[in-house]
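Asker: What follows is a single structure, and I will ask about it in a moment.
In structure tokens form, the structure reads like this:
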């Protein structure tokens, strides 16, 4: 370094460390923050390099030229720092073209003034050569814009430090080391710049900030190599946590300690028909469904039945408290788990188990008993009739079991919604063909709407039961349908003996016992089909005799709902 001033030699050391760090950062692209960290480091190297040129220049004009060139590095450093901090910590949603352009307005104005020769002295009012023991540099009298760009630099530096500071107390040791190195790397230039602005630096008029870049370069090199700054950045972790909440299949709400909604995911908005923007800041009771029935202590709470955009479904609800670093409560997360499919599967297993263990066994024993009678007297017509009827009942059970199995097969392709008027027409036509003696009629006009395809199986089962268990001569069945605010109600009425109260109670309770169980699978298929599309079923007495069964389902239905599988076969 023969012929160079001592200050220039020190600055070249900062250039070497800064260049090394910039190369490492550039090689890590496209990792989060790599590009903007490179911009920051290049800005530091640029400023330091041309300060060396200024120190070694022999004339005022030459020193002024290199002084002006340095401004390009000066103004990009704070912008690079802020944008790096945002991307590195997972706040890349703020790094938009518009935001970046806004950040560069002040730097561009500064460069434009410098390029124009600063005719009004807004940046530098006067300049002269100062010869010192450490070198010869340009001493300037600053103008008003100089303090504007200085304040802008400190402001961006402060904003960029906030997200980095949050990592100091992170549980991950690597993130703590990274953030500490970054803060050291940015604090050293800040401190030296303040010494210059306050006149506390021993060499009056000399800005020692580029000297501090040597400390920055070492700190950034340590962060890049020892703490894997860009290959182990916290940005993916922060983004992953956001994605887990945002794309969680279950609806989730974040509630503040004062009882206001802080956030909700897209599933909650879609499931319960909530406007996300309007919901934030609203009282929890006005947004979260049945929040008054939820509490943290009720771990054994039964599922809550809630009507959403896809109909009525049972939800198991979990509540988790949120605390800050001092274990102070800051809110809670409420998650709704749709357990309708799970409960339906349990019901189907219980009922089918009863069918095979009770109904089929009963019919089989009956066939065995009368088969012995037929062995003794092959002409016994009564025994032959009983065997045939029993075999028919077993066949009917097997067909209904197959229907239930195929209807709710999770691997089957979903059937699209169907037109209600066509569905009613097909069901009544099939019923008249199977039972030509029955009086089957449709009351009123059938609404021209589309309904879940599973409603066909539900209607077939209701109509079949209405005729088969009807002791009137001839049996009569009436169908009707009405719509109301996105729902359609299909009613099937008959003039039979009615449905036993015990059987209704079994359906309402959802479980069977050895002493209390349904008489078959017909009504269970109705319940399962309606439950799968978020509907409901109700029973009423018909005057003077009979029963009215009404099923209510959402209009249109969900093509992907389990209840629609194979329903259109």
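In this note's numbering, the protein residues as written are 10 to 578. Heads up, the beta-carbon is just placed ideally off N, CA and C, and yes, glycines get one too.
1. For residue 130, which beta-bridge partners are listed by DSSP?
2. Nearest to residue 345 by alpha carbon, out of 77, 377, 325 and 359?
3. So, residue 372 versus residue 402, is the Cβ gap smaller than 7 Å?
4. Report yes or no: do three or more beta-carbon pairs, one from the segment 61-69 and one from the segment 36-49, lie closer than 8 Å?
5. For residue 27, which of helix, strand or coil comes out of DSSP?
6. Does the pairing of the segment 45-53 with the segment 67-77 give three or more beta-carbon distances under 8 Å?
7. According to the neighbour-count rule (16 or more other Cβ atoms, all chains shown, within 10 Å of its Cβ), is residue 127 buried or exposed?
8. What residue does the alpha helix (DSSP H) around residue 534 start on, and which one ends it?
9. What is the residue span of the alpha helix (DSSP H) that residue 443 lies within?
10. Looking only at DSSP bridge pairs, what is residue 327 linked to?
11. Let me make sure I understand the geometry here. Which of 83, 19 and 465 has the alpha-carbon closest to that of residue 539?
12. What's the C-alpha gap between residue 13 and residue 102?
13. Less than 7 Å between the beta carbons of residue 277 and residue 260, yes or no?
14. Which of helix, strand or coil does DSSP assign to residue 149?
15. Quick one: what's got a C-beta closer than 6 Å to residue 46's C-beta in the same chain, skipping five residues either side?
16. Note down, one range per segment and in chain order, each alpha helix (DSSP H) of at least 4 residues found wholly within the segment 344-404.
17. Would you mind stating whether residue 433 and residue 564 have Cβ atoms separated by less than 7 Å?
18. Under the rule that 16 or more other beta-carbon atoms within 10 Å means buried, what is residue 23, buried or exposed?
19. Output yes or no for whether 7 Å exceeds the beta carbon distance between residue 266 and residue 338.
20. Who are the near neighbours of residue 443 in its chain, counting only those whose CB is closer than 7 Å to its CB and skipping five residues on each side?
21. Mapping DSSP to helix, strand and coil, what is residue 567?
22. Leaving out five residues before and five after residue 379 in sequence, what residues of the same chain have Cβ atoms less than 6 Å from its Cβ?
23. From the DSSP output, in three-state form, read off residue 252 for me.
24. Given a cut-off of 7 Å on the beta-carbon distance, is the pair residue 473 and residue 535 in contact?
25. Whole angstroms are fine: how far does the CA of residue 440 sit from the CA of residue 467?
26. Quick one, are the C-beta atoms of residue 262 and residue 297 less than 7 Å apart?
27. Could you give the distance in angstroms between the alpha-carbon of residue 100 and the alpha-carbon of residue 112?
28. Among 16, 15 and 49, which has the Cα closest to the Cα of residue 27?
29. Would you report the Cα separation of residue 110 and residue 116, rounded to the nearest angstrom?
30. Could you check where the alpha helix (DSSP H) with residue 469 kicks off and where it finishes?
31. Taking the alpha carbon of residue 531 as the reference point, which residue from 496, 407 and 453 has its own alpha carbon closest?
32. Suppose contacts are defined by Cβ-Cβ distances below 7 Å. Is residue 557 in contact with residue 502 by that definition?
33. Got a sec? Which residues, its chain only, sit under 6 Å from residue 221 by beta carbon, not counting five neighbours each side?
34. State the DSSP-derived secondary structure class of residue 88, mapped to helix, strand or coil.
35. Nearest-angstrom Cα distance between residue 479 and residue 445?
36. Helix, strand or coil for residue 121, going by three-state DSSP, please let me know.
Answerer: Per the coordinate set shown:
1. By 1-based counting over the chain shown, the position of residue 130 is 121. Note: residue 130 sits in no beta bridge, so no partner.
2. Counted from its first residue, the chain shown places residue 345 at position 336. Nearest of 77, 377, 325 and 359 to residue 345, Cα basis: 325.
3. What you label residue 372 is simply residue 363 of the chain shown in a count that begins at 1. What you label residue 402 is simply residue 393 of the chain shown in a count that begins at 1. A distance below 7 Å separates the beta carbons of residue 372 and residue 402.
4. no
5. By one-based count along the chain shown, residue 27 stands at place 18. The answer is helix: DSSP assigns residue 27 an H, G or I state.
6. no
7. Along the chain shown, one-based indexing puts residue 127 at 118. Answer is buried; the Cβ neighbour count reaches 16.
8. Start at 1 with the first residue of the chain shown, and residue 534 comes out as number 525. From DSSP, the alpha helix (DSSP H) with residue 534 extends over 531-541.
9. Mapped onto the chain shown, residue 443 falls at position 434. Its alpha helix (DSSP H) spans residues 429-443.
10. On the chain shown, residue 327 is found 318 positions in, with the first residue counted as 1. DSSP lists 344 as partners of residue 327.
11. Along the chain shown, read from residue 1 onward, the residue named residue 539 stands at position 530. Out of 83, 19 and 465, 465 has the C-alpha closest to the C-alpha of residue 539.
12. Numbered from 1 along the chain shown, position 4 holds the residue referred to as residue 13. Numbered from 1 along the chain shown, position 93 holds the residue referred to as residue 102. Roughly 47 Å separates the two Cα atoms.
13. Here residue 277 refers to the residue found at position 268 when the chain shown is read from its first residue. Here residue 260 refers to the residue found at position 251 when the chain shown is read from its first residue. Residue 260 sits close to residue 277, with the two beta carbons spaced by under 7 Å.
14. Counting from 1 along the chain shown, the entry for residue 149 is found at position 140. Strand.
15. Here residue 46 is taken as the residue at index 37 of the chain shown, counted from 1. Answer for residue 46: 34 and 93, listed in chain order.
16. Contiguous alpha helix (DSSP H) elements confined to the segment 344-404 occur at 349-363 and 369-385, taking only those with 4 or more residues.
17. On the chain shown, position 424 is the one that residue 433 refers to. On the chain shown, position 555 is the one that residue 564 refers to. Cβ distance not < 7 Å, so residue 433 and residue 564 don't count as in contact.
18. Counted from its first residue, the chain shown places residue 23 at position 14. Label assigned to residue 23: buried.
19. Position 257 of the chain shown, counted from the first residue, corresponds to residue 266. Position 329 of the chain shown, counted from the first residue, corresponds to residue 338. Yes, the Cβ-Cβ distance between residue 266 and residue 338 is below 7 Å.
20. In the chain shown, residue 443 corresponds to position 434, counting from 1. Result list for residue 443: empty, nothing under 7 Å.
21. Start at 1 with the first residue of the chain shown, and residue 567 comes out as number 558. Its pLDDT being 48, under 50, residue 567 is placed unreliably in this model, and the value from its coordinates should be taken loosely. DSSP places residue 567 in coil when its eight states are reduced to three.
22. To locate residue 379, count along the chain shown from 1; it is residue 370. Closer than 6 Å at Cβ, skipping near neighbours: 392, 395 and 396.
23. If you number the chain shown from 1, residue 252 lands on position 243. Looking at residue 252 - three-state DSSP - the assignment turns out to be helix.
24. The residue you call residue 473 lines up with position 464 of the chain shown. The residue you call residue 535 lines up with position 526 of the chain shown. Contact flag unset, no.
25. Counting from one through the chain shown, the residue named residue 467 turns up at place 458. Counting from one through the chain shown, the residue named residue 440 turns up at place 431. So the alpha carbons of these two residues sit roughly 13 Å apart.
26. Here residue 262 refers to the residue found at position 253 when the chain shown is read from its first residue. Here residue 297 refers to the residue found at position 288 when the chain shown is read from its first residue. Contact: yes.
27. Taking the chain shown and counting its residues from 1, one reaches residue 100 at position 91. Taking the chain shown and counting its residues from 1, one reaches residue 112 at position 103. If I take the Cα positions, the gap works out to 16 Å.
28. Residue numbering aside, residue 27 sits at position 18 when the chain shown is read from its first letter. Closest by alpha carbon: 49.
29. Looking up residue 110 in the chain shown gives position 101. Looking up residue 116 in the chain shown gives position 107. Approximately 10 Å between the Cα atoms of the pair.
30. The count along the chain shown starts at 1 and reaches residue 469 at position 460. Unbroken alpha helix (DSSP H) run through residue 469: 463-477.
31. Taking the first residue of the chain shown as position 1, residue 531 is located at position 522. The shortest C-alpha separation from residue 531 is found at 407.
32. Start at 1 with the first residue of the chain shown, and residue 557 comes out as number 548. Start at 1 with the first residue of the chain shown, and residue 502 comes out as number 493. Contact flag set, yes.
33. Numbered from 1 along the chain shown, position 212 holds the residue referred to as residue 221. Cβ neighbours of residue 221 beyond the five flanking positions: 197, 198 and 201.
34. As a first step, residue 88 must be located in the chain shown, where it is residue number 79. Helix, per DSSP.
35. By one-based count along the chain shown, residue 479 stands at place 470. By one-based count along the chain shown, residue 445 stands at place 436. Each residue's alpha carbon lies about 14 Å from the other.
36. By one-based count along the chain shown, residue 121 stands at place 112. Reduced to three states, the DSSP call for residue 121 is helix.
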